[in-house]
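Peer 1: The structure under discussion is supplied below as structure tokens; questions concerning it will follow.
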Amino acid sequence: MIPRFRPYIGKDDFFSMFRLSPNSVREYEEGFAKTFTAEYAIAFPYGRVALWSFLKALRIENAEIIIPAYTCVVVAHAIVLSGNIPRFVDIQFEDYNMNLAQVENAINEKTGAVICTHLFGYPMNAEGLNVIVKHAESRYHRKIYLIQDCAHAFGACRNGKMVCNSGDAAIFGLGISKTLTSIFGGMLTTSDNTIHKSLINFRNRFTTVGFFKQLSQILYFCSVFVAFNNSIYSLVHLLETQTSFLDALTKSYHLDDKIHFPPDYLNKMSKVEAGVGLCQLKKYPEIIRKRREIAEYYSKNLSPGRKYQIPPLIEGATYSHYVLQMSDKHKCLTQFRKAGIQLGEVIQYSIPNLQSYRKYADAEYPVARSCAENSLNLPIYPGLHTRTMDRIITLLNGISKDNA
Ligand SMILES: *Cc1c(COP(=O)(O)O)cnc(C)c1O
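The sequence shown begins at 16 in this note's numbering and counts up one residue at a time.
Next up, the structure:
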């Protein structure tokens, strides 16, 4: 069975869990900042907690925080749990990111921040957004923070510049299904001295994790390591379809309607996590290069028809996911499963349509709603064989022909 995602972890990542120095977390932060060309990086237990901490530490309260209607729901959780109000903006099909004109319309005298999400690794026009935010600041005489959500877009570039460095700060998710991982974990980068100080003070009040928590992280990582081994994955997949075993790895992102954080959200990142994170950082250029190659290969060889659309190839994108739009995708999912290939259904909701968020909806979000229904993502990770890509392409081109 070909899995829908696969962490790029090897023996080196495995052994890095046991090669710990007292300063592992600081070394990881410094390495992360350097790789993503920021002055500072601050580690958190989750990406969502990095955002929540930013809002809390800078005392942003009762403000409207602008986010895309189509993004990971945990971002909205962080906004509500910090005592703020999510304000949703629809995305556009061209690059899956917020439409700038609609962001401009959504900004008002209550806006405290704009989350600039680079969905699926597509760099949003962060410079354009910066101009809009600066105008709004002088119009409303208040600071409006600009935060880059780079959970899908580690190092994505626009006009040769990393988008994570425009605005006030960037957040990254480092869970097992992300482009880079530290087992769990999240990161915030900034080049602003004052923001850095506030966040360090805030984060330093978190709990240092003990021996047993780290042991459980080691065991979890071992189980992931084993689960993604080729021959074992078929068994895992079987377990997944019969039970919810693998969903436990990613379930917090799926259809999770309740506004809550995991119980360990006030823990510091552990040395074990930082060890893996540091090892992963070295592989970053290779991971991105391979993802780009796979995206190009798919796009060159797929011949979409009326049945489905392929995603854009955009300069500087990092392709955390390669997402097709296909109505009636369930037949395709079944067909692929029978062929031993698992496709993903990344983000199956438009946040303002979820029960807990309906009260924040103040418009229709047609593009988000359509993507929630029709998105399907192909395996795209380093180590994916050309022959597997060719099988995927043949199956999909068959689907286009069926209905030509
Ligand atoms: C995963 C993700 C996050 C947050 O990451 P966690 O570490 O799971 O909290 C934020 N934004 C997007 C778009 C994500 O996919």
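We put the beta carbon where it would ideally sit given N, CA and C, even for glycine.
Can you tell me which residues form a DSSP beta bridge with Leu358?
Peer 2: Counted from its first residue, the sequence shown places residue 358 at position 343. Answer is none; Leu358 lacks a bridge partner.
Peer 1: Name the DSSP beta bridge partners of Tyr55, please?
Peer 2: Indexing the sequence shown from 1 puts residue 55 at position 40. For Tyr55, which the question treats as bridged, DSSP gives the partners Thr205.
Peer 1: Counting only runs that start and end within the stretch 345 to 393, where is the beta strand (DSSP E) found for 3 or more residues in a row?
Peer 2: Counting only runs of 3 or more, we get 390 to 393.
Peer 1: I need the straight-line Cα distance from Ile395 to Tyr155, nearest angstrom please.
Peer 2: As a working mapping, residue 395 is identified with position 380 in the sequence shown. As a working mapping, residue 155 is identified with position 140 in the sequence shown. Approximately 44 Å between the Cα atoms of the pair.
Peer 1: Rounded to a whole number of angstroms, what is the C-alpha to C-alpha distance between Leu317 and Leu348?
Peer 2: On the sequence shown, residue 317 is found 302 positions in, with the first residue counted as 1. On the sequence shown, residue 348 is found 333 positions in, with the first residue counted as 1. About 17 Å.
Peer 1: Would you say the beta carbon of Tyr323 is closer than 7 Å to some non-hydrogen atom of ligand 1?
Peer 2: On the sequence shown, position 308 is the one that residue 323 refers to. No; taking the cut-off as 7 Å, the Cβ of Tyr323 has no heavy atom of ligand 1 nearer than that.
Peer 1: Going by Cα to Cα distance, which pick from Leu195, Asn145, Asn123 is closest to Val291?
Peer 2: For this step, residue 291 is matched to residue 276 along the sequence shown. Out of Leu195, Asn145, Asn123, Leu195 has the C-alpha closest to the C-alpha of Val291.
Peer 1: Helix, strand or coil for His269 per DSSP?
Peer 2: Start at 1 with the first residue of the sequence shown, and residue 269 comes out as number 254. Note that His269 has pLDDT 49, beneath the 50 cutoff, so the model's placement of it is unreliable and the number below is only indicative. His269 falls in the coil class under three-state DSSP.
Peer 1: Whole beta strand (DSSP E) runs in the stretch 283 to 331 with 3 or more residues, listed along the chain?
Peer 2: For the stretch 283 to 331, not a single whole beta strand (DSSP E) run of length 3 or above is found.
Peer 1: In chain order, what residues of the same chain have a beta carbon less than 6 Å from the beta carbon of Ala289, not counting five sequence neighbours either side?
Peer 2: For the purposes of this step, residue 289 is taken as residue 274 along the sequence shown, with counting starting at 1. Excluding positions up to five away in sequence, the list reads Ser39, Val40, Tyr43.
Peer 1: Whole angstroms is fine: what's the gap from Gln363's alpha carbon to Ile106's?
Peer 2: In the sequence shown, residue 363 corresponds to position 348, counting from 1. In the sequence shown, residue 106 corresponds to position 91, counting from 1. Whole-angstrom Cα-Cα distance: 15 Å.
Peer 1: Do Phe108 and Ala84 have their C-beta atoms within less than 8 Å of each other?
Peer 2: The count along the sequence shown starts at 1 and reaches residue 108 at position 93. The count along the sequence shown starts at 1 and reaches residue 84 at position 69. For Phe108 and Ala84, no; Cβs fall outside 8 Å.
Peer 1: Under the criterion of a Cβ to heavy atom distance below 7 Å, does Gly188 qualify as lining ligand 1?
Peer 2: On the sequence shown, position 173 is the one that residue 188 refers to. Checking every heavy atom of ligand 1 against the Cβ of Gly188, one is found closer than 7 Å.
Peer 1: Would you say the beta carbon of Thr126 is closer than 7 Å to some non-hydrogen atom of ligand 1?
Peer 2: Along the sequence shown, one-based indexing puts residue 126 at 111. Checking every heavy atom of ligand 1 against the Cβ of Thr126, none is found closer than 7 Å.
Peer 1: In this structure, does DSSP put Ala141 in helix, strand or coil?
Peer 2: If you number the sequence shown from 1, residue 141 lands on position 126. Three-state result, Ala141: helix.
Peer 1: Determine the contact status of Ile325 and Ser342, defining contact as a CB-CB distance below 8 Å.
Peer 2: For the purposes of this step, residue 325 is taken as residue 310 along the sequence shown, with counting starting at 1. For the purposes of this step, residue 342 is taken as residue 327 along the sequence shown, with counting starting at 1. Result no, Cβ atoms of Ile325 and Ser342 do not sit closer than 8 Å.
Peer 1: Of the residues Pro18, Leu189, Leu66, which one's Cα is nearest the Cα of Ile162?
Peer 2: Locating residue 162 in the sequence shown gives position 147, where the first residue counts as 1. Looking at the Cα atoms, Leu66 is the closest of the given residues.
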